[in-house]
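Read the structure below first, then the notes.
Residue numbers (this note's numbering), protein chains in the order written: chain F, 536 to 670; chain B, 536 to 670.
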């Protein structure tokens with residue numbers, strides 16, 4: 536498979552209101568937008584360096600994946616995301632290599648991106664997201 | 536301060552021998568080199584997407600920062616690193632904002648990069664490295 540870039544780093548936060556100002560005002564990374572993703576149970580704040588984004592993730596409720604992550608690990612890096620040239624090829628290769636791919640058919644995420652995840656047990660402890668840009 | 540890019544993601548691994556093949560052969564990210572950094576007590580394997588690197592970190596002994604991280608958290612993302620335009624300006628701004636900067640004078644790291652770290656307590660749980668490219 537062909538990985539093009541580190542697309543973003545996903546960071547679980549307790550509160551966007553309290554935690555976003557560090558990324559926005561102290562590190563001075565440009566705020567690209569904030570979105571509520573009901574299906575995933577999160578509000579995301581996207582900050583873009585121009586070469587790789589930071590995605591802050593606040594839970595919408597007490598039983599979302601982010602709420603469970605925060606309960607277990609506390610705030611911090613939740614996942615890392617690479618952009619791939621072709622996500623269908625990537626999934627086929629990963630499955631052939633015996634890797635635990637969470638969505639065997641890519642889901643359509645924010646802004647039309649095609650998305651899957653690799654389970655941390657196949658990567659050495661890191662939740663890895665792969666995306667293909669629809670453009 | 537001006538952040539230019541996500542320079543790399545640092546990942547603590549138990550064993551480069553066991554864990555590197557996933558990044559090199561499954562994700563097919565180009566291996567840039569492996570170095571022993573005695574001062575930091577780690578062996579690093581660098582994998583470069585061309586737009587952001589993955590730095591695998593294996594401890595050289597039982598009492599290095601990486602050994603302690605693995606003991607506390609298990610393998611996974613250890614730090615994230617941004618490239619800044621000017622690290623001296625960045626440190627001054629961070630200290631003025633009351634942020635806990637670990638090296639108040641940047642250290643000279645691998646390949647002549649100027650390096651500092653921001654303590655996780657100032658970022659919402661993420662160890663953040665800042666580097667300035669010497670070129």
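The C-beta atom is built at its ideal place from N, Cα and C for all residues, glycine as well.
request  = Starting from residue 540 of chain B, find everything on chain F with Cβ-Cβ shorter than 8 angstroms and list it in chain order.
outcome  = As a position in the second chain, residue 540 of chain B is number 5, starting the count at 1. Correct list: 584, 585, 586 and 587.
Same chain only: Cβ atoms within 8 angstroms of residue 551 of chain B, ignoring 5 sequence neighbours per side = The residue labelled residue 551 of chain B in the question sits at position 16 within the second chain. 569, 578, 580, 591 and 593.
ask   = Out of curiosity, what's the CA-to-CA distance linking residue 583 of chain B and residue 565 of chain B?
value = Looking up residue 583 of chain B in the second chain gives position 48. Looking up residue 565 of chain B in the second chain gives position 30. Straight across, the Cα-Cα distance linking residue 583 of chain B with residue 565 of chain B is about 5 angstroms.
task = Could you pull out every unbroken alpha helix (DSSP H) segment of at least 4 residues lying fully inside the region 559 to 602 of chain B, listed in chain order?
result = List check, alpha helix (DSSP H) in window: nothing returned.
key: Cβ shell of residue 656 of chain B (< 8 angstroms), same chain only, five flanking positions each side left out   = Taking the first residue of the second chain as position 1, residue 656 of chain B is located at position 121. 635.
request  = Within its chain, find whatever has a CB closer than 7 angstroms to the CB of residue 554 of chain F; leave out the 5 residues flanking it on each side and keep chain order.
outcome  = Position 19 of the first chain, counted from the start, is the residue given in the question as residue 554 of chain F. Spatial neighbours of residue 554 of chain F in its own chain (CB-CB distance under 7 angstroms, excluding positions within 5 residues in sequence) are listed in chain order as 548 and 591.
For residue 644 of chain B and residue 573 of chain F, the rounded distance between their alpha carbons = By one-based count along the first chain, residue 573 of chain F stands at place 38. By one-based count along the second chain, residue 644 of chain B stands at place 109. For the pair residue 573 of chain F and residue 644 of chain B, the Cα-to-Cα distance works out to about 43 angstroms.
ask   = Which value, in whole angstroms, describes the spacing of the CA atoms of residue 678 of chain F and residue 631 of chain B?
value = Absent from the model: residue 678 of chain F. The displayed extent of chain F is 536 to 670, so no value can be given.
inquiry  = Strictly below 7 angstroms CB to CB, what residues from chain F border residue 658 of chain B?
reply    = Position 123 of the second chain, counting from 1, holds the residue named residue 658 of chain B. Simply 557.
task = Give the DSSP-derived three-state secondary structure of residue 549 of chain F in the structure shown.
result = Taking the first residue of the first chain as 1, we reach residue 549 of chain F at position 14. Three-state result, residue 549 of chain F: coil.
task = Could you tell me which residues DSSP puts in a beta bridge with residue 614 of chain F?
result = Position 79 of the first chain, counted from the start, is the residue given in the question as residue 614 of chain F. Beta-bridge pairing links residue 614 of chain F to F:545.
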